[in-house]
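Asks: Quick one: structure below, then a few questions.
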Amino acid sequence: MSDLSKVVAPPRSVSSNKGRFYGSWIAAAIALLALPYIFSSGGSLTTFSLIGISIIFSLSYNILLGQTGMLSFGHAVYYGLGGFATIHGMNLIADSKLPVPLPLVPLIGGITGLFFAAIFGWVPTRRSRTAFAMISLGVAELVASSSLILRSFFGGEAGISANRTKLLPVFDWNFGPQIQIYYLVAFWTLLAVVAMYALTRTPFGRMCNAVRDNPERVQFVGYDPHVIRFLAFCIAGFFAGIAGALTAINFEIANAAYLGAMQSGVVLMATYIGGPGFFIGPIVGAIFVTYLLLALSDLTAVWQLYFGLFFISVVMFAPGGISGLLMKHRPLVRAGTLFTVLRAYLVALVPILTMIAGLILAIEIVARHTVNAGEDPNTKAFGVRFNAASPLIWLLAVALVIGGFVVARQTWRWVGKAWDEALIAAREKGFYA
Amino acid sequence: MIVTSTLNGVLYGMLLFLMASGLTVIFSMLGVLNFAHTSFYMLGAFFGFQISRWFGFWPGLLVAPLLVGLIGAAIERYGLRHVHKNGHVAELLFTFGLAFVIEEVVEMIWGKSPVDYRVPRLLDFPALTIFSTNYPAYKMFMLLASVAIFLALLIALKKTRVGLIVQAALTHPQMVGHLGHNVDRIFMMVFGIGTALAAAAGVIAGPALQTQSNMAELLGPILFVVVVVGGLGSLLGAFIASLLIALVQTFAVSMNGSLASIFGPLGPGNTQPLLADIWNVTIAQIAPIIPYLLMIVILLFRPKGLLGTRES
Chain F
408 MSDLSKVVAP
418 PRSVSSNKGR
428 FYGSWIAAAI
438 ALLALPYIFS
448 SGGSLTTFSL
458 IGISIIFSLS
468 YNILLGQTGM
478 LSFGHAVYYG
488 LGGFATIHGM
498 NLIADSKLPV
508 PLPLVPLIGG
518 ITGLFFAAIF
528 GWVPTRRSRT
538 AFAMISLGVA
548 ELVASSSLIL
558 RSFFGGEAGI
568 SANRTKLLPV
578 FDWNFGPQIQ
588 IYYLVAFWTL
598 LAVVAMYALT
608 RTPFGRMCNA
618 VRDNPERVQF
628 VGYDPHVIRF
638 LAFCIAGFFA
648 GIAGALTAIN
658 FEIANAAYLG
668 AMQSGVVLMA
678 TYIGGPGFFI
688 GPIVGAIFVT
698 YLLLALSDLT
708 AVWQLYFGLF
718 FISVVMFAPG
728 GISGLLMKHR
738 PLVRAGTLFT
748 VLRAYLVALV
758 PILTMIAGLI
768 LAIEIVARHT
778 VNAGEDPNTK
788 AFGVRFNAAS
798 PLIWLLAVAL
808 VIGGFVVARQ
818 TWRWVGKAWD
828 EALIAAREKG
838 FYA
Chain D
11 MIVTSTLNGV
21 LYGMLLFLMA
31 SGLTVIFSML
41 GVLNFAHTSF
51 YMLGAFFGFQ
61 ISRWFGFWPG
71 LLVAPLLVGL
81 IGAAIERYGL
91 RHVHKNGHVA
101 ELLFTFGLAF
111 VIEEVVEMIW
121 GKSPVDYRVP
131 RLLDFPALTI
141 FSTNYPAYKM
151 FMLLASVAIF
161 LALLIALKKT
171 RVGLIVQAAL
181 THPQMVGHLG
191 HNVDRIFMMV
201 FGIGTALAAA
211 AGVIAGPALQ
221 TQSNMAELLG
231 PILFVVVVVG
241 GLGSLLGAFI
251 ASLLIALVQT
261 FAVSMNGSLA
271 SIFGPLGPGN
281 TQPLLADIWN
291 VTIAQIAPII
301 PYLLMIVILL
311 FRPKGLLGTR
321 ES
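Top to bottom, those sequences are chains F and D. Numbering-wise, our numbering puts 672 at position 265 of the first sequence, and it's gapless, one number per residue. Numbering-wise, our numbering puts 41 at position 31 of the second sequence, and it's gapless, one number per residue.
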């Protein structure tokens, strides 16, 4: 037992670890500062800003999903309300010429998110698991429908807008150009990430994990799981509000789509795809999904279908998300047995890619016949030209899918075998995690 | 107005219960709330529409639920069952992703605008006249059909051997397995029948309501409210909640009063736009949010729902 615990959690050399810990934060800060000098086009600056916002939003969602075990379908409510409050706040500040600079404005969104999470959170957090998920969905629909009724605050379908340059300038920065907005977002992203990381290290963060794993035992220790869930919900609402505020500042507009079901769905998917089990997971997910959505919508008309299928395959085959999948290989890397697995992966990749190509081809053919019916059947998807009307292309798609599937099953067995061997070898050398 | 509203409310309630019953049975047995349940309802409506264009309405009523039931059973067998080992969150998210994909597929094949799904000619006449308002025969048919399915379900559950096993599996799935029944196959069957019921509701409701690619998204949250208000896993609770929510919402839609009209000159003038919004909104306008308000109020007093016994 003690042998195993030494292996799983070896005593750490404190000073070098601390150096690495702070070093990685400083490196992240420098990377954020340097990014605009490497990719200086306006488009990439906008993308980076969106990614930063998405990171805050996904991490705030992971306070619920990953750390406290609450699956919420309505997290965008606090994001959206934060955004609306920010727009109203910016208009108020500009109109009455209050001495508030723009970098402080996201706090308005955060406090609004906190406030509404405290109001709406008490009832859903009484329950856990499925019931919580359903109630959070109901609350989300309540707010989303109300936003169309209370037109003067939410501005109906058009939404409401503000002008960010009308606020007090800071050191000659009026926050008109995108580069200044990028630095504003980067600053808040770093701040929020550090704060949320610190939260996971506090006793409260540990109690959240305990509520996730065994709420009954938490009660025996003398805590109320409901209160802990509620507090976690409020904190998540606060950071979601900050993300919403940054979005509102970035686009200078807030509309009903901010707090809709789609927004809640995307943050859930981003967090889950990144992997809710690790702190880094939602960051990976936010970067990946934001980039994927931007890239896919350029490539094909039915990109949402691909995204949905991708999400389902992550749920089915990689339940720990991208970060979970990568972390599974850690013992192999440390034991040096990764190579055998990688070789098996490379072999398995060929039939799987064949199958995916066939699937994409089939979807694109159907899409060509239904979405753009009656147009020229010679079409182009993912940069490849083909004639969607010819029976040959149908045959090709079917052959690719079936052939790929049959071969993939066989190669997958090899992967399993290689994986088992590598893992056993790693365990023999004493690397368990 | 009261008679028509009651009829409409009961009709809407029965349709809701057709879906809520499938959802409840699936939840009780598999422990997973099928997020894609209303997507199967939508699939039913679109399949019914497509079959009605080729062969007519009545074959569609029979074939579309069968097809959707088969699809549902296949999804359980080849998808959900594999996700099961990854836990409840993964299962719920699998159905969530499924709902997303089904909506996209429907949108891809039938487009975003509503399709022209017509009431069969046989039933296209006013059935009764209530205070000079005609009540269409098709709505009477909807009501009768959903009541008939409800009764058939009740008899199948209470009087047959299969129903007995399903009932037993609701509360003691392990015990049923120990007794030598193939629980996996029962699960697949129940999932298939549950989705087929949802599809039947879709075929019946399709011509009267709008058959459109967002119909799953519109109904989904309300259905989950019904299940939560009734108490997760309780069939009777789901029945009461379906009727309650349907009646409340139907009556609300037909009312025009607002706070301003109730208090008349006693109310405050138009002081502030936000207050004015609240003051002037009619009951009919807030009808869409009433189910959610009802849910919150009921859960405040009964956290487990009306007849719920299980924590989750």
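Heads up, the beta-carbon is just placed ideally off N, CA and C, and yes, glycines get one too. Just so you know, these numbers come straight off a predicted model, no measurement behind them.
Distance check for Ser-264 (chain D) and Gly-19 (chain D), CA to CA, integer angstroms please.
Replies: Near 11 Å, if we compare the C-alpha coordinates of Ser-264 (chain D) and Gly-19 (chain D).
Asks: So, are the CB atoms of Ala-693 (chain F) and Ser-461 (chain F) less than 8 Å apart?
Replies: In contact: Ala-693 (chain F) and Ser-461 (chain F) (Cβ atoms closer than 8 Å).
Asks: Evaluate Ser-554 (chain F) with the Cβ neighbour count: other Cβ atoms within 10 Å of its Cβ, from every protein chain shown; 16 or more gives buried, anything less gives exposed.
Replies: By the neighbour-count rule (16 or more Cβ atoms within 10 Å), Ser-554 (chain F) is buried.
Asks: With H, G and I counted as helix, E and B as strand and the rest as coil, what does DSSP make of Pro-136 (chain D)?
Replies: Residue state, collapsed to three classes: strand.
Asks: Hey, does Met-541 (chain F) have any beta-carbon neighbour from chain D nearer than 8 Å?
Replies: It does; some Cβ of chain D falls within 8 Å.
Asks: Give the DSSP-derived three-state secondary structure of Pro-584 (chain F) in the structure shown.
Replies: Pro-584 (chain F) falls in the coil class under three-state DSSP.
Asks: What residue range does the alpha helix (DSSP H) around Tyr-698 (chain F) cover?
Replies: First-last of the alpha helix (DSSP H) with Tyr-698 (chain F): 687-706.
Asks: Let me make sure I understand the geometry here. Which of D:Val-111, D:Ser-156, D:Asn-96 and D:Ser-123 has the alpha-carbon closest to that of Ala-211 (chain D)?
Replies: Residue D:Ser-156 is the option with its Cα nearest to Ala-211 (chain D).
Asks: DSSP on Tyr-679 (chain F), reduced to helix/strand/coil?
Replies: Of the three classes helix, strand and coil, the one that applies to Tyr-679 (chain F) here is helix, per DSSP.
Asks: Please report whether the beta-carbon of Leu-716 (chain F) lies at a distance below 8 Å from any beta-carbon of chain C.
Replies: Of the protein chains in this structure, namely F and D, none is chain C.
Asks: Quick one: which residues of the segment 676-689 of chain F get their C-beta closer than 7 Å to a C-beta of chain D? List them in chain order.
Replies: Flagged, chain order: Tyr-679.
Asks: Taking the Cβ atom as the reference point for each residue, do Thr-519 (chain F) and Leu-488 (chain F) lie within a distance shorter than 8 Å?
Replies: Closer than 8 Å, so yes.
Asks: Who are Pro-508 (chain F)'s beta bridge partners in DSSP?
Replies: F:Leu-575.
Asks: For Ile-61 (chain D), go through chain F and note every residue whose CB falls closer than 8 Å to its CB, in chain order.
Replies: In chain order: nothing, as chain F lies at least about 18 Å away.
Asks: With a threshold of 8 Å between beta carbons, is Ala-30 (chain D) in contact with chain F?
Replies: With 8 Å as the cut-off, Ala-30 (chain D) does not count as an interface residue toward chain F.
Asks: Across the segment 563-578 of chain F and the segment 500-516 of chain F, are there enough close Cβ pairs to call them in contact, namely three or more that are closer than 8 Å?
Replies: A contact exists between the segment 563-578 of chain F and the segment 500-516 of chain F.
Asks: Rounded to a whole number of angstroms, what is the C-alpha to C-alpha distance between Ala-208 (chain D) and Phe-104 (chain D)?
Replies: C-alpha separation (whole angstroms): 19 Å.
Asks: Against Glu-548 (chain F), what residues of chain D qualify as contacts under a CB-to-CB distance less than 7 Å, listed in chain order?
Replies: Chain D residues near Glu-548 (chain F): Pro-231 and Tyr-302.
Asks: Express the C-alpha separation of Gly-728 (chain F) and Phe-686 (chain F) in angstroms, rounding to a whole number.
Replies: Straight-line Cα distance between these residues: approximately 12 Å.
Asks: Which value, in whole angstroms, describes the spacing of the CA atoms of Met-477 (chain F) and Leu-802 (chain F)?
Replies: Taking the straight line joining both Cα atoms gives about 46 Å.
Asks: Within the chosen definition, does the segment 479-486 of chain F reach the segment 439-452 of chain F through at least 3 CB pairs nearer than 8 Å?
Replies: The segment 479-486 of chain F is not in contact with the segment 439-452 of chain F.
Asks: Would the segment 675-682 of chain F and the segment 469-476 of chain F be scored as touching if the rule is three or more Cβ pairs under 8 Å?
Replies: Flag = yes, the segment 675-682 of chain F and the segment 469-476 of chain F touch.
Asks: Using a C-beta to C-beta distance shorter than 9 Å, which residues of chain F count as neighbours of Leu-108 (chain D)?
Replies: By Cβ distance, chain F contributes Gly-715 and Ile-719.
Asks: Applying a beta-carbon distance threshold of less than 7 Å, which residues of chain D neighbour Met-614 (chain F)?
Replies: Simply none; closest approach about 20 Å.
Asks: Quick check on this structure: which residue in F:Glu-548, F:Asp-579 and F:Ala-652 has the alpha carbon closest to the alpha carbon of Leu-511 (chain F)?
Replies: Leu-511 (chain F) has its Cα closest to that of F:Ala-652, out of F:Glu-548, F:Asp-579 and F:Ala-652.
Asks: Do Leu-712 (chain F) and Met-118 (chain D) come within 8 Å of each other at the CB atom, strictly closer than that value?
Replies: Result yes, Cβ atoms of Met-118 (chain D) and Leu-712 (chain F) sit closer than 8 Å.
Asks: Please list the partners that Ser-552 (chain F) has in chain D, where partner means a Cβ-to-Cβ separation under 7 Å.
Replies: Correct list: Pro-298 and Ile-299.
Asks: Per DSSP, Ile-767 (chain F) forms a beta bridge with which residues?
Replies: DSSP, once it has assigned bridges, lists no residue as partnering Ile-767 (chain F).
Asks: Quick check on the burial criterion: 16 or more other C-beta atoms within 10 angstroms. Buried or exposed for Met-305 (chain D)?
Replies: So Met-305 (chain D) counts as buried.
Asks: Find out if the Cβ-Cβ distance for the pair Ala-643 (chain F), Ala-551 (chain F) is shorter than 8 Å.
Replies: Cβ distance not < 8 Å, so Ala-643 (chain F) and Ala-551 (chain F) don't count as in contact.
Asks: Inspect the beta-carbon positions of Ala-650 (chain F) and Tyr-486 (chain F) and report whether they are closer than 8 Å.
Replies: Yes, Cβ-Cβ distance for Ala-650 (chain F) and Tyr-486 (chain F) is below 8 Å.
Asks: Which of the three DSSP states, helix, strand or coil, is assigned to Ala-661 (chain F)?
Replies: Strand.
Asks: Assign Ser-447 (chain F) to buried or exposed, taking buried as 16 or more other Cβ atoms, counted over all protein chains shown, within 10 Å of its Cβ.
Replies: By the 10 Å Cβ count, Ser-447 (chain F) comes out exposed.
Asks: What are the start and end residues of the alpha helix (DSSP H) that includes Val-13 (chain D)?
Replies: Val-13 (chain D) -> alpha helix (DSSP H) spans 12-40.
Asks: Can you pull out the residues from the segment 506-518 of chain F whose beta carbon lies closer than 7 Å to at least one beta carbon of chain D?
Replies: Within the segment 506-518 of chain F, no residue has a Cβ that lies closer than 7 Å to any Cβ of chain D.
Asks: Given a threshold of 16 other Cβ atoms within 10 Å of its Cβ, counted over all protein chains shown, does Lys-314 (chain D) qualify as buried or as exposed?
Replies: Per the 10 Å Cβ criterion, buried.
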